[in-house]
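A quick write-up on the structure given underneath.
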Amino acid sequence: MSSKEKKGLISSVDQDRIIFLLIFISIAIPMIFPLGLPVPISSTTKKFYDTIENISEGATVLWCTSIGFSIWYNTGPGEIATFRHIFRLVRERDVKFVVFAESAEAAAIVRRIITEHCDTGGLKYGEDYVDLGWIPGGEAALAGVVTDFQSTVETDHEGTPISQIPILKDIKGGEDVDALGFSSGSMIDRFMRQWAPLQKPILLNMIAIGVPLCMPYIEKGMVTAYINGQRGGAEYEKLLGQLGMGSSFIDAQSMIHLYIIIMIIVVVAWSISRRMKRL
Amino acid sequence: MIEEVLLAIFCVMAWSILYKPNPLFRIAESMTVGLTLAFVIYTGIDVLNKRVFTPWSHGLWLTPITIAGILGLMSWTRLGGKNIRWISRWPIACLAGIGSGLAVRGCVGPQILRQLTTNSLIASDPLTNINNILIVVGVITTICHFTFSYQHKGVLGASAKVGRIFMMLAFGTMLGGFIMTAMGYLIGHMFIIVKPPAAYVVVVAIVILIVDIMHSKGLF
Chain A
4 MSSKEKKGLI
14 SSVDQDRIIF
24 LLIFISIAIP
34 MIFPLGLPVP
44 ISSTTKKFYD
54 TIENISEGAT
64 VLWCTSIGFS
74 IWYNTGPGEI
84 ATFRHIFRLV
94 RERDVKFVVF
104 AESAEAAAIV
114 RRIITEHCDT
124 GGLKYGEDYV
134 DLGWIPGGEA
144 ALAGVVTDFQ
154 STVETDHEGT
164 PISQIPILKD
174 IKGGEDVDAL
184 GFSSGSMIDR
194 FMRQWAPLQK
204 PILLNMIAIG
214 VPLCMPYIEK
224 GMVTAYINGQ
234 RGGAEYEKLL
244 GQLGMGSSFI
254 DAQSMIHLYI
264 IIMIIVVVAW
274 SISRRMKRL
Chain B
7 MIEEVLLAIF
17 CVMAWSILYK
27 PNPLFRIAES
37 MTVGLTLAFV
47 IYTGIDVLNK
57 RVFTPWSHGL
67 WLTPITIAGI
77 LGLMSWTRLG
87 GKNIRWISRW
97 PIACLAGIGS
107 GLAVRGCVGP
117 QILRQLTTNS
127 LIASDPLTNI
137 NNILIVVGVI
147 TTICHFTFSY
157 QHKGVLGASA
167 KVGRIFMMLA
177 FGTMLGGFIM
187 TAMGYLIGHM
197 FIIVKPPAAY
207 VVVVAIVILI
217 VDIMHSKGLF
């Protein structure tokens with residue numbers, strides 16, 4: 004028997020287990036018994052919504068999805084809500100929606116969102132919207148789509164040559180696009196380097212942890228508006244009037260915030276009391 | 007239904023590391039790596055098929071994709087003998103050159119010139135004013151912290167200490183953001199797991215866990 008067990012203290016391994024167990028419980032409770040906590044709309048999400056809402060009739064929106072499965076639950080709600088909003092404009096204002104992916108995973112996510120979460124009924128693929136799939140090349144591809152679109156993109160995600168896709172015939176580069184947007188789970192420098200000089204509205208759906216790193220671009224107005232992770236996604240769903248995944252998570256997120264704040268206070272208080280005892 | 011049950015099984019297997027290292031966690035770990043690799047290879051071949059072979063089948067031979075395809079094939083010579091290995095350096099040189107060129111071309115405006123300009127430090131919103139002051143003080147004091155040409159005494163020493171506090175706040179905020187992002191993953195999975203039929207998997211896992219704890223305590 005160790006000295007700690009003799010004294011009746013909980014070992015560090017068991018302490019970790021208790022902390023993890025409490026995390027699970029604090030998330031599971033609001034999932035089973037929803038608390039219905041209010042979701043105040045932040046000014047940043049409202050700006051994102053307004054920017055999309057103000058897209059003019061017949062405009063072309065170019066969107067790059069650059070998220071993977073690992074961050075799906077964080078950026079997915081915002082991504083779904085954005086796509087739903089743009090598809091609504093495609094239907095109501097004849098907006099053209101061109102979407103591509105920056106990675107293999109992102110291409111699968113785009114297809115999943117369009118087929119499972121968006122209402123494309125009555126819209127014509129290739130005339131109203133197009134999914135270009137994964138355009139490999141990283142930053143070179145991002146530069147290519149806004150400098151020489153026709154040479155950079157050969158086919159859509161199904162292998163159809165772009166010469167046979169009506170929506171893409173008039174797109175030569177960034178000057179033919181009215182708004183750009185992207186979702187990301189990493190640094191956004193490459194997007195800014197290639198897209199910011201176009202002086203077009205740029206929208207961003209960002210993982211929560213990455214938002215502070217984007218601030219230099221947001222503060223300078225290069226990113227017009229952004230969604231801040233899961234929370235921003237929930238706010239956007241509320242603005243859109245189509246509650247989804249993000250809204251379901253918000254109670255649990257509030258609970259886990261509360262739990263972590265309590266844990267910080269408890270641990271700091273315990274640490275201070277131990278120091279005072281030593282003195 | 008099967009998708010949800012499988013998700014629950016793999017989640018529980020992965021989370022079992024929080025209790026203690028075990029074979030189920032190692033299986034989940036290996037399957038994650040294997041499935042991810044398989045998916046990337048599958049998608050890679052799919053993209054090659056659609057972006058390279060399909061245009062070729064339509065007679066589009068002289069395109070940038072063809073040049074990229076040739077460069078890609080050249081990179082495979084790295085696996086060949088010493089006589090042809092040098093060929094693989096060309097695609098790498100092209101990648102490095104194009105990458106650097108693109109980055110330099112784009113970075114001057116958004117990353118250098120635009121960042122050097124500033125709006126008025128006095129705004130109508132008082133909170134923005136406080137924020138602006140904090141930014142200026144934070145930048146100057148943090149630079150002071152990394153000024154090693156002079157000894158950290160007097161004004162420089164005090165500034166360096168304030169700079170250290172700013173950095174601690176910044177790193178703490180980033181860590182907090184990272185933890186909350188990680189919690190976001192957990193919340194997403196829990197959303198599926200707490201509902202039947204996936205919830206039954208969790209019940210079985212809890213029973214196994216209790217049995218193992220009791221066994222390890224020598225209760226039976």
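From first to last, the protein sequence lines stand for chains A and B.
For reference, each letter of the first sequence is one residue, going 4 to 282 in the working numbering.
For reference, each letter of the second sequence is one residue, going 7 to 226 in the working numbering.
Every residue gets a Cβ at the ideal spot worked out from N, C-alpha and C, and that includes glycine.
It should be emphasised that the depicted structure is a prediction, and the values quoted were computed from it without experimental measurement.
Would you call the segment 186–202 of chain A and the segment 62–80 of chain A in contact, with 3 or more CB pairs under 8 Å?
Cβ pair count under 8 Å is three or more, so yes.
For a cutoff of 9 Å on Cβ pairs, would you count Asp19 (chain A) as touching chain B?
Interface residue, yes.
Helix, strand or coil: how does DSSP classify Gly140 (chain A) here?
Secondary structure of Gly140 (chain A) (DSSP, three-state): coil.
With burial defined as no fewer than 16 other Cβ atoms inside 10 Å of the residue's Cβ, what is the status of Trp82 (chain B): buried or exposed?
With a 10 Å radius around the Cβ and a threshold of 16 neighbouring Cβ atoms, Trp82 (chain B) comes out exposed.
When DSSP labels each residue in this structure, what does Thr187 (chain B) get in the three-state scheme?
Per DSSP, reduced to three states, the secondary structure at Thr187 (chain B) is helical.
Ile263 (chain A) to Asp19 (chain A), Cα distance in whole Å?
Rounded to whole angstroms, the gap between the alpha carbons of Ile263 (chain A) and Asp19 (chain A) is 14 Å.
Look at the Cβ atom of Val101 (chain A), then the Cβ atom of Ile30 (chain A), and state whether they are nearer than 9 Å.
In this structure, Val101 (chain A) lies away from Ile30 (chain A), with their beta-carbon atoms at least 9 Å apart.
The alpha helix (DSSP H) spanning Met209 (chain A) covers which residue range?
No alpha helix (DSSP H) holds Met209 (chain A); the beta strand (DSSP E) holding it covers 205–209.
Nonlocal neighbours in the same chain, by C-beta distance under 7 Å from Phe80 (chain B), ignoring five residues either side:
Note on residue identity: the sequence assigns Met, not Phe, to residue 80 (chain B). Only Ile93, Ser94, Trp96, Pro97 meet the Cβ criterion.
Can you give me, in chain order, the residues of the segment 146–163 of chain A that have a beta carbon less than 8 Å from any beta carbon in chain B?
From the segment 146–163 of chain A, only Ala146, Ser154, Thr155, Glu157, Thr158, His160, Glu161, Gly162 have a Cβ closer than 8 Å to chain B.
Using 10 angstroms around the beta-carbon of Asp53 (chain A), count the other beta-carbons present and answer buried if the total reaches 16, otherwise exposed.
Asp53 (chain A) should be labelled exposed.
Whole angstroms is fine: what's the gap from Gly87 (chain B)'s alpha carbon to Gly140 (chain A)'s?
Cα to Cα, Gly87 (chain B) sits roughly 28 Å from Gly140 (chain A).
Below-9 Å beta-carbon distance, Tyr156 (chain B) vs any chain A residue:
No, Tyr156 (chain B) does not count as interfacial toward chain A.
Alpha helix (DSSP H) runs contained entirely in the segment 58–139 of chain A, provided each spans 4 or more residues:
Along the length of the segment 58–139 of chain A, whole alpha helix (DSSP H) runs at least 4 residues long occupy 75–96, 107–115, reported in chain order.
Could you name the residues of chain B that Gln197 (chain A) contacts, counting a contact when the two beta carbons are closer than 8 Å?
Those within 8 Å of Gln197 (chain A) in chain B are Leu108, Gly112.
What residue from A:Val42, A:Ser154, A:Ala110 has the CA that sits closest to Glu82 (chain A)'s CA?
Glu82 (chain A) has its Cα closest to that of A:Ala110, out of A:Val42, A:Ser154, A:Ala110.
Name, please, each residue of chain B whose Cβ falls closer than 8 Å to the Cβ of Ile212 (chain A).
Close to Ile212 (chain A), with beta-carbon spacing below 8 Å, are these residues of chain B in chain order: Met180, Gly183, Phe184, Met186, Thr187.
Minimum Cβ-Cβ distance from Glu105 (chain A) to chain B less than 9 Å:
So no, Glu105 (chain A) is outside the interface.
Just checking my contact of Val149 (chain A) with Gly177 (chain A) at CB under 8 Å: how many whole Å lie between their CB atoms?
3 Å between Cβ atoms; contact.
List the residues of chain A that Pro70 (chain B) touches, going by C-beta distances under 8 Å, in chain order.
The answer, in chain order, is Ser154, Thr155.
For Val180 (chain A), which residues of its own chain have a beta-carbon under 6 Å away from its beta-carbon, when the five flanking residues on both sides are left out?
Around Val180 (chain A), the same chain offers Thr63, Leu65 as residues with beta carbons nearer than 6 Å, after the five sequence neighbours per side are excluded.
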